[in-house]
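*Asks:* The structure's right below; bear with me while I get my questions together.
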Amino acid sequence: MGLEIVTPALAAPDHHHGLLYSYKNDTVPPRCSRSFWMLQKSKKVWFLVDEHHKDSDTEPAFFYRGRRILYRGDLSSLPPERRKALEANSIVWGQSVAHGWGRGPNGTNHYLHLWTRWSIFQPARCHPEYFTMTFLSPHPR
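Taking my numbering, the leading residue of the sequence shown gets 7, the next gets one more, and so forth.
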């Protein structure tokens, strides 16, 4: 996986905002549901993405409010100076950035798995659009 600090450009054709949240079984909760946000550890944010990316050599990259979401394990093999720069400008998760293609609710087709319970005060609670994704060309490590 190529790891670069890349902020998605809002006008980029392959820049996609999260459209909705779902339970792990793809059922959509009531909008801004407190119990969904606080009690469900496993949830998804869904995107609508052009399916030509399934067969391309690009890699999905996920962001939260403009900051890249990365898995700590992917950073461990990088040179220290590159790792520090990525850690300083990214959101680093302790679990892998799980995502995939699927038949989602309301015509969506790509999801990012969220593995945490969050406070009801977390700004993302009512805003799946705070999560974005784009597809990047693979970079050598």
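Every residue, glycine too, gets a C-beta built ideally from N, C-alpha and C.
(1) Compute the distance between the beta-carbons of VAL55 and ASN115, then report whether it is under 9 Å.
(2) Taking its Cβ as the centre, do 16 or more other Cβ atoms sit within 10 Å of PRO36, making it buried, or is it exposed?
(3) Would the region 37 to 45 and the region 97 to 108 be scored as touching if the rule is three or more Cβ pairs under 8 Å?
(4) With burial defined as no fewer than 16 other Cβ atoms inside 10 Å of the residue's Cβ, what is the status of ARG131: buried or exposed?
(5) Here's the rule I'm using: 16 or more other beta-carbon atoms within 10 Å means buried, otherwise exposed. How should ARG74 be labelled?
(6) So for LYS30, helix, strand or coil by DSSP?
(7) Closest to MET139 by CA distance: which of GLY113, VAL51 and LYS30 is it?
(8) Should PRO134 be labelled buried (16 or more other beta-carbon atoms within 10 Å of its own) or exposed?
(9) Can you name the start and end residues of the beta strand (DSSP E) that SER96 belongs to?
(10) Let's test the definition: count the other Cβ atoms within 10 Å of the Cβ of PRO85 and tell me whether it reaches 16, buried, or not, exposed.
(11) Return the bridge partner residues of GLU55 from the DSSP annotation.
*Replies:* From the atom records:
(1) yes
(2) exposed
(3) no
(4) When all chains shown are included, ARG131 counts as buried.
(5) That one is buried.
(6) coil
(7) Answer by Cα proximity: VAL51.
(8) buried
(9) Segment 96 to 99, the beta strand (DSSP E) holding SER96.
(10) exposed
(11) Inspection of the sequence shows that residue 55 is occupied by Val rather than by Glu. Bridge partners of VAL55: none, in fact.
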